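In this note's numbering, the protein residues as written are 151 to 348.
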Ligand SMILES: [Cu+2]
């Protein structure tokens, strides 16, 4: 059985999905080379691309304790200069502020600050709705990957981190599934929000 506390597999999946979304790994993903945005779902109502920077790197455990000292790994720095909108957001234990965000479709920078005592991430679930969990109580990484969830990796307290994505219209759930020392994810503690891209 998978060790819930070791979340690297999910992160690899999420990262792969993010790269696939922008066709950086077109060969692996089956996307057309050069595609900027990969349509998600039947109607294409909720699709998004991660940054094309390729700067987001894989990292180790993201449990709240282990990740507490992690530095920001910015996403989409190369897109930031072209951002149509910037959303200032505070991450804390355990909420996003604001937790309800509406932006126009386009290039959006999330300028985040971690004011909590634990590491936090900003993850996006295209299509909205609740974050899927498996029967054993952990986030369902397969379903998240299938939904092309993408994220800014968790980073530690008293730091800033920017993530820029090209977003298409649709509903997205914002979430953080860093796990606290008590084994509960931040999402379960209420760290969730909604993003509406118009
Ligand atoms: Cu968190």
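For every residue, glycine included, the Cβ atom is placed at its ideal position computed from N, Cα and C.
Bear in mind that the values here come from a model prediction, so they are computed numbers and not experimental data.
Taking the alpha carbon of residue 228 as the reference point, which residue from 319, 333, 315 and 339 has its own alpha carbon closest? 315
Cβ of residue 244 within 7 Å of Cβ of residue 340? yes
For residue 336, I'd like the list of residues in its chain whose CB is within less than 6 Å of its CB, leaving aside the five on either flank, ordered along the chain. 244, 326 and 328
Looking only at C-alpha atoms, which of 301, 309, 269 and 307 sits nearest to residue 317? 301
Extent of the continuous beta strand (DSSP E) to which residue 238 belongs: 235–242
Which class does residue 205 belong to by DSSP, given the choice of helix, strand or coil? Confidence is the limiting factor: at residue 205 the pLDDT is only 36, short of 50, which leaves the residue's position unreliable and the question unanswerable from this model.
Where do the N-terminal and C-terminal ends of the beta strand (DSSP E) with residue 303 fall, by residue? 300–305
Using only the heavy atoms of ligand 1, determine whether one of them is closer than 6 Å to the beta carbon of residue 240. no
On a Cα-Cα basis, can you pick out the residue from 324, 346, 321 and 311 that is closest to residue 224? 311
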